[in-house]
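*Asks:* Top line first, the protein sequences correspond to chains E and V. Per the numbering used here: the first sequence = residues 17 to 107. Per the numbering used here: the second sequence = residues 17 to 107. Even for Gly, the Cβ is constructed at its ideal location relative to N, Cα and C. My questions all concern the structure below.
2 protein chains.
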Amino acid sequence: MDMRRLVGRNVRRIRLEVGLTQEAFAEKSGFSQQYLSSLERGRRNPTIVTLFELATALGVSHVALVAPDDETAAAAPLRRGGRSGTTRNRP
Amino acid sequence: MDMRRLVGRNVRRIRLEVGLTQEAFAEKSGFSQQYLSSLERGRRNPTIVTLFELATALGVSHVALVAPDDETAAAAPLRRGGRSGTTRNRP
DNA sequence: TGAGTTTATCACCTATAGTGTGTATCGGCG
DNA sequence: CGCCGATACACACTATAGGTGATAAACTCA
């Protein structure tokens with residue numbers, strides 16, 4: 017299991033659900049937009065403290081950021097669940 | 017919430033439940049006994065990849081190592097549940 | 001008491017987490 | 001087309017995570 021990718025996917029998904037841009041998220045969390053970018057793309061290996069701070073800024077439990085997603089067991093051809101377009105947040 | 021302490025407590029608790037010494041755990045996980053010692057005492061800030069490797073060596077999900085424990089909400093005076101002595105594992 | 005086992009602490013080193021600065025790419029819109 | 005908002009990429013830099021080795025407690029038991 018690639019933890020970097022897992023956390024990256026969770027962070028991005030939740031950030032979009034909350035309706036934040038990387039920039040706005042950077043503002044709230046205190047991390048740089050560049051860091052968040054590479055983090056979401058699974059290139060980074062954050063510490064647990066970082067994980068907690070990210071979760072707090074997103075308003076979710078830190079457990080949510082390490083929660084396994086369906087993709088792991090995936091290879092499933094049928095894509096369940098909506099939210100395909102994510103609508104590229106418009107305030 | 018102090019993530020270092022939280023993870024440290026979880027690791028120690030599970031390691032003891034599994035019945036491993038720090039030394040044996042070090043052997044299985046590939047980390048040094050010294051590192052595991054400081055980790056369990058909340059002095060270390062492990063990365064998510066480290067977290068996953070620790071969980072794997074313990075035979076549990078990585079989520080178990082970041083799971084919040086009762087101690088947080090604690091200040092509860094009454095100690096429920098047995099297992100007080102931990103019996104200092106005898107194989 | 002003293003040997004054996006387990007855990008804690010100290011000194012030290014290398015690899016990398018995370019920053020700052022700057023730039024590149026991409027989509028949409030006037 | 002050029003501009004703008006949003007994301008990706010690159011690099012030098014500092015603080016610290018990860019790791020080793022030696023050793024000091026701390027506890028167990030013959």
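1) Below 8 Å on C-beta distance, what does Arg20 of chain E contact in chain V?
2) Just the Cα atoms here: how many angstroms apart are Ser77 of chain V and Glu69 of chain V?
3) Less than 8 Å between the CB atoms is what I'm expecting for Met19 of chain E and Val65 of chain V, so what's the real figure, rounded?
4) Using only alpha-carbon positions, find the residue among V:Leu81, V:Leu74 and V:Ala80 that is nearest to Glu43 of chain V.
5) Does any residue of chain E bring its CB to less than 7 Å from the CB of Phe41 of chain V?
6) Which residues in chain E have a C-beta closer than 8 Å to the C-beta of Phe47 of chain V? List them in chain order.
7) With Val23 of chain E and Val82 of chain V assumed to form a contact (beta carbons below 8 Å), what rounded beta-carbon distance in angstroms separates them?
8) Rounding to the nearest angstrom, what Cα-Cα distance links Phe41 of chain E and Gln49 of chain E in this structure?
9) DSSP state of Thr63 of chain V, grouped into three classes?
*Replies:* Quick answer:
1) What Arg20 of chain E touches in chain V: Ile64 and Val65.
2) So the alpha carbons of these two residues sit roughly 10 Å apart.
3) So it is a contact: roughly 5 Å between Cβ atoms.
4) Among V:Leu81, V:Leu74 and V:Ala80, the Cα nearest to that of Glu43 of chain V is on V:Leu74.
5) Using beta-carbon distances, Phe41 of chain V does not count as an interface residue toward chain E, since no partner is under 7 Å.
6) Those do not exist, as Phe47 of chain V stays about 15 Å from chain E at its closest Cβ, beyond 8 Å.
7) About 11 Å separates the two Cβ atoms, so there is no contact after all.
8) Roughly 8 Å between the two C-alpha positions.
9) Of the three classes helix, strand and coil, the one that applies to Thr63 of chain V here is strand, per DSSP.
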